[in-house]
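Everything below concerns the one structure shown next.
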Amino acid sequence: MMRSQESLLNARGRSAGLIVTAFSFTVATLFLGYLAFGFLTSLIFSSGFLSGFILWYFIPTATPYEKLKIPYFACLALFFLHRVEEKYMGFFAFLSEVTGVSTPEILSKEVVGLVAISVGSWLSIPFLLRRGYDLGYYFAWTFFTAMGVTELAHWVVFPFLLENPIQYIPGMMSVVLLAPVAWIAMRRLTSGKIKRSLL
């Protein structure tokens with residue numbers, strides 16, 4: 148018999164171990180991003196994990212997985228479409244040009260580690276949320292924040308690194324579809340907020 152959502156959440160708050168685990172995961176993502184892409188790019192790319200950690204910490208939620216399932220898989224599909232647009236429209240070549248940091252090898256340890264940590268954690272969301280594990284909500288916050296906030300950098304950050312900001316940035320078209328779906332999911336996470344101590 149599957150345990151209920153709340154059964155795995157301590158009514159008095161999260162354990163120190165869980166908070167340290169989530170924070171360590173966030174730091175590891177930031178560090179690998181820095182090694183792979185340099186400071187500026189890693190700050191943008193990894194902001195989803197940092198912001199997601201903050202939101203998870205301050206907005207504990209017990210939103211049922213069933214309410215997140217459709218926006219989750221929609222985001223996953225649109226993220227794949229976004230990556231296709233970035234790849235075929237030369238996003239990383241563009242990024243290298245505007246930041247002055249060479250594009251890392253796709254199979255470098257840093258890139259492989261970053262992909263394993265981020266995508267691996269995001270793919271585990273359904274498994275964890277169906278069982279009510281709070282770590283799954285941390286991953287959900289990081290995923291939807293990355294898709295709904297970080298990816299807006301294609302519109303509100305990258306254009307202003309150019310002399311002429313009014314031009315196409317590789318990846319920006321698919322963000323128009325991706326971000327609103329992530330906002331819906333974030334709203335659903337917020338609507339499931341539970342009252343409990345944060346420490």
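Take the sequence shown: its letters are residues 148 to 346, numbered as in our numbering.
We put the CB at the ideal spot given by N, CA and C, even for glycine.
So is TYR219 buried or exposed if we call it buried at 16+ other beta carbons inside 10 Å? buried
Which residues in the same chain as HIS301 place their Cβ atom closer than 6 Å to its Cβ, once the five residues preceding and following it in sequence are excluded? ILE316, GLY318, MET319, VAL322
Nearest CA to the CA of LEU177: which residue from SER162, GLY160, GLY199, ALA163? Selected option, being the one with the closest Cα: GLY199.
For PHE291 versus LEU261, is the C-beta spacing smaller than 8 Å? no
With a cut-off of 8 Å on the beta carbons, I'd call ILE272 and ALA175 a contact; round off their distance for me. With a Cβ gap of about 18 Å, ILE272 and ALA175 do not count as contacting.
Length-filtered (4 minimum) alpha helix (DSSP H) runs lying within the stretch 160-238: 163-184, 186-192, 194-205, 212-235
First and last residue of the uninterrupted alpha helix (DSSP H) at LEU261: 256-270
Leaving out the 5 sequence neighbours to the left and right, which residues in its chain are closer than 7 Å to VAL248 when beta-carbon positions are compared? PHE184, GLY185, THR188
Whose C-alpha, out of PHE305, GLU310, VAL296, ILE313, is nearest the C-alpha of ILE331? VAL296
ARG278 - containing alpha helix (DSSP H), residue span: First-last for ARG278: undefined, no H or E at that position.
Quick check: the stretch 275-289 against the stretch 206-220, are at least 3 beta-carbon pairs closer than 8 Å? yes
In this structure, how does DSSP classify LEU308 when only helix, strand and coil are distinguished? helix
PHE192: which of LEU254, VAL258, GLN314 sits nearest, CA to CA? VAL258
Which two residues bound the contiguous alpha helix (DSSP H) that contains ILE341? No alpha helix (DSSP H) holds ILE341; DSSP gives it neither H nor E.
Suppose you measure from the CA of ALA163 to the CA of PHE205; what does that come to, to the nearest Å? 15 Å
Near ARG161, which residues of its chain fall below 7 Å by C-beta distance, leaving aside the five closest residues on each side in sequence? ASP281
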